[in-house]
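**Student:**
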């Protein structure tokens, strides 16, 4: 007799998040690989439980901005929606805030929290 796996078929799509990942804006798709590279560099130098200083985060944000600033007009030209457009005078600060948020979230996501294991049989 053959195995019947049809009742479990809906669970195969449960981990498929590609439809949600396609909803990210274009700037995220361009910036996130650079964020991963900088987080790898920080993790390699200082270890995975490192707490970087504000100066090192600012340097990483400036480096990411210098790498992406030539592509910004191209990215914003693709988005015809007016809510994505920004004025030139405030773009650098808002993008640096975005880069800082992405860097911190990636560094926090890399930390592996270890739970204390309880010993069996010692319950009071």
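Numbering (UniProt numbering), first residue to last: 1 to 124. We treat Cβ as the ideally placed atom computed from N, Cα and C, and that holds for glycine.
Taking the C-alpha atoms as reference points, what is the distance between residue 102 and residue 16?
**Tutor:** 22 Å
**Student:** So the candidates are 22, 51, 23, 25; which of them puts its Cα closest to the Cα of residue 110?
**Tutor:** 51
**Student:** What do you get for residue 39, buried or exposed, if any count of 16 or more other CB atoms within 10 angstroms of its CB means buried?
**Tutor:** buried
**Student:** Assuming residue 27 and residue 75 are in contact, meaning their beta carbons sit under 8 Å apart, how far apart are those beta carbons, in whole angstroms?
**Tutor:** 5 Å
**Student:** Sorted by chain position, which residues of the same chain lie with C-beta nearer than 8 Å to residue 67's C-beta, five sequence neighbours on each side aside?
**Tutor:** 34
**Student:** In whole angstroms, what is the alpha-carbon distance linking residue 60 and residue 45?
**Tutor:** 14 Å
**Student:** Taking all protein chains shown into account, decide if residue 107 is buried (16 or more other Cβ within 10 angstroms of its Cβ) or exposed.
**Tutor:** Looking at its Cβ environment, which holds 16 or more other Cβ atoms inside 10 Å, residue 107 is buried.
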